[in-house]
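Down below is the structure, laid out as structure tokens.
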Amino acid sequence: MKKILLLLFITGFMFSQQNIKENLVFPIQEKHVHSSSIVELPNGDLLVCWFEGSGERTANDVVINGSRLRKGEDKWCEPFLMADTPGQPDCNPILFLNSENKLFLVWIVVRANRWETSILKVRTTTDYENALAPNWKWQDIILMKPGKEFEETVARQFSENTADDLAWAEYALPYEEMLIDAAKDPKKRETGWMPRTHPTILSDGKILLPLYSDGFNFGLIAISDDDGDTWINSLPIIGRGLNQPSLIVKNDGSIDAYMRDDGDAPGKIMISNSKDGGYSWSFAKKSEIPNPGASIEVLKLKSGYWLLVYNDVDDGRYSLAVSISDDEGKTWKWKKHIETSEKGKGSFSYPSVIQAKDGKIQLTYSYHISDEKKSIKHVTFTEEWIKDENKN
Numbered sequence: 087m088k089k090i091l092l093l094l095f096i097t098g099f100m101f102s103q104q105n106i107k108e109n110l111v112f113p114i115q116e117k118h119v120h121s122s123s124i125v126e127l128p129n130g131d132l133l134v135c136w137f138e139g140s141g142e143r144t145a146n147d148v149v150i151n152g153s154r155l156r157k158g159e160d161k162w163c164e165p166f167l168m169a170d171t172p173g174q175p176d177c178n179p180i181l182f183l184n185s186e187n188k189l190f191l192v193w194i195v196v197r198a199n200r201w202e203t204s205i206l207k208v209r210t211t212t213d214y215e216n217a218l219a220p221n222w223k224w225q226d227i228i229l230m231k232p233g234k235e236f237e238e239t240v241a242r243q244f245s246e247n248t249a250d251d252l253a254w255a256e257y258a259l260p261y262e263e264m265l266i267d268a269a270k271d272p273k274k275r276e277t278g279w280m281p282r283t284h285p286t287i288l289s290d291g292k293i294l295l296p297l298y299s300d301g302f303n304f305g306l307i308a309i310s311d312d313d314g315d316t317w318i319n320s321l322p323i324i325g326r327g328l329n330q331p332s333l334i335v336k337n338d339g340s341i342d343a344y345m346r347d348d349g350d351a352p353g354k355i356m357i358s359n360s361k362d363g364g365y366s367w368s369f370a371k372k373s374e375i376p377n378p379g380a381s382i383e384v385l386k387l388k389s390g391y392w393l394l395v396y397n398d399v400d401d402g403r404y405s406l407a408v409s410i411s412d413d414e415g416k417t418w419k420w421k422k423h424i425e426t427s428e429k430g431k432g433s434f435s436y437p438s439v440i441q442a443k444d445g446k447i448q449l450t451y452s453y454h455i456s457d458e459k460k461s462i463k464h465v466t467f468t469e470e471w472i473k474d475e476n477k478n
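Numbering (the numbering used here), first residue to last: 87 to 478.
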């Protein structure tokens with residue numbers, strides 16, 4: 087009997103080791119490192135980027151750094167510079183490949199140290215497999231130009247979804263009126279759009295790049311039908327305090343946007359839907375899924391199931407979980423914790439997740455033990471690990 091129990095323990099341990107693996111991209115250090123993005127290159131290498139410096143938008147030394155994990159290796163290479171706008175904070179980078187395997191790095195330069203005046207920058211290359219750092223061939227600015235229809239959509243959706251309890255004083259403008267007025271200003275609606283999550287490439291090749299604004303607390307989709315050469319904007323994704331959309335295509339062709347909640351308590355993941363390929367969006371509503379005002383990412387797996395990476399509490403970033411749904415987000419039947427700690431003793435947030443060609447799920451996120459001990463963590467696991475109730 088003891089031999090059988092020992093064999094079961096060893097088998098379970100081997101299964102666990104095979105189905106989840108974790109390491110730090112670089113050793114714990116004091117600089118502020120945050121908002122990573124991961125991509126798998128055609129040769130099987132993994133490339134990750136993040137922003138790093140003495141702070142965020144108010145720290146002018148912030149740059150975009152990166153690292154590479156060669157296929158078959160266990161250790162990430164020494165970090166290297168990916169982008170730097172001298173004298174300005176560079177933040178919120180994302181990496182992706184278009185249909186021709188051109189590598190894109192999209193990020194923001196924070197002008198005047200304010201999120202709402204940030205501008206989008208992009209670098210591209212096909213020369214990225216031999217050297218550790220990509221050899222960038224082209225760089226430009228991505229400009230969004232929401233027009234009159236943006237303004238009209240804001241006014242209409244708030245009038246159709248009014249809330250009477252948001253004015254904090256008799257003479258104070260309600261939240262909706264302030265945003266309706268701001269939407270009339272071209273300077274405000276054309277600046278401050280920022281990336282955070284991976285784009286979605288539709289079956290017709292159209293690229294949908296999710297953006298958000300800390301000025302409006304709205305979402306916006308940058309849309310390209312020429313493989314990322316040019317971009318137009320969607321109508322806004324509107325709600326009360328939404329942020330950082332992550333997109334997923336449903337079986338009926340419509341698209342859900344899952345978003346961080348920066349509005350009223352209790353914090354819940356907010357969801358909006360588009361039925362026209364990502365151009366127009368329903369007014370965002372709170373789901374039943376907790377959210378503490380932190381970024382999330384949702385991904386359709388090769389199995390057709392949905393994967394959600396999120397902070398599964400509404401009062402902090404001390405718990406990071408992965409869940410799987412087999413009914414397009416109606417229910418989330420399986421859940422595992424990637425990180426847990428006592429409240430105030432750690433922060434694990436801003437997940438970036440892909441499924442590699444071999445079927446394994448590759449996840450990176452901000453790993454902050456304290457204000458002075460920070461890194462980016464990389465975790466590899468399988469869909470089966472999440473579903474196995476015997477492995478924590």
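Even glycine gets a Cβ: it sits at the ideal position worked out from N, Cα and C. Just so we're clear, the structure is a prediction, and the values are computed from it rather than from any experiment.
query, result
"Tell whether a beta-carbon distance below 8 Å holds between V192 and T450.", "no"
"Verify whether the separation of the beta carbon atoms of E202 and G325 is less than 8 Å.", "no"
"With a threshold of 8 Å between beta carbons, is F369 in contact with chain D?", "The chain inventory of the structure shown lacks chain D, comprising one protein chain alone."
"Name the two residues that bound the continuous alpha helix (DSSP H) containing Y261.", "Y261 to A268"
"Could you check the C-alpha separation between G430 and V439 for me, to the nearest Å?", "25 Å"
"Can you give me the C-alpha to C-alpha distance between E238 and G432, rounded to a whole angstrom?", "43 Å"
"Specify the secondary structure class of K292 as computed by DSSP and reduced to three states.", "coil"
"Alpha carbon to alpha carbon, how far is E246 from W317? Give it in angstroms, no decimals.", "30 Å"
"What do you reckon, is the C-beta of D312 under 7 Å from a heavy atom of the ligand FAD?", "With respect to the ligand FAD, the structure shown offers nothing to examine, as it has no ligands at all."
"Whose CA, out of V125, I355, S140 and D338, lies closest to the CA of K361?", "D338"
"Use the C-beta contact count for R242: other C-beta atoms within 10 angstroms, 16 or more gives buried, fewer gives exposed.", "exposed"
"Extract the residue ranges of the beta strand (DSSP E) inside the region 382 to 449, only unbroken runs of 3 or more that lie entirely within it.", "383 to 386, 392 to 396, 405 to 411, 420 to 426 and 433 to 441"
"Quick check on the DSSP output: the beta strand (DSSP E) that includes R346 runs from which residue to which?", "I341 to D347"
"Can you tell me which residues form a DSSP beta bridge with A308?", "L295 and N319"
"Can you tell me the Cα-Cα spacing of A370 and G415, whole angstroms?", "15 Å"
"Cβ atoms of A308 and M67: under 8 Å apart, would you say?", "Since the first residue of the chain shown is 87 and the last is 478, residue 67 is not available in this structure."
"If contacts are defined as beta-carbon pairs under 8 Å, then S299 and L306 qualify, I think. What distance do you get, rounded to the angstrom?", "7 Å"
"Any idea if I150 is buried or exposed, counting beta-carbon neighbours within 10 angstroms, 16 or more meaning buried?", "buried"
"Less than 8 Å separating the beta-carbons of G152 and A219?", "yes"
"Suppose you measure from the CA of F304 to the CA of G327; what does that come to, to the nearest Å?", "7 Å"
"Spatial neighbours of D313 within its chain, please: C-beta separation below 8 Å, excluding the five flanking residues on both sides.", "N184, S185, E186, K188, G291 and I293"
"What residue does the alpha helix (DSSP H) around Q243 start on, and which one ends it?", "K234 to E246"
"Tell me, please, which residues DSSP counts as bridged to W193.", "K207"
"With H, G and I counted as helix, E and B as strand and the rest as coil, what does DSSP make of N178?", "strand"
"One question on the structure: do L297 and S366 come within less than 8 Å of each other, judged by their Cβ atoms?", "no"
"Is DSSP giving I114 helix, strand or coil here?", "coil"
"Can you list, in chain order, the residues of its chain with a C-beta nearer than 6 Å to that of K107? Leave out the 5 residues immediately preceding and following it.", "T466"
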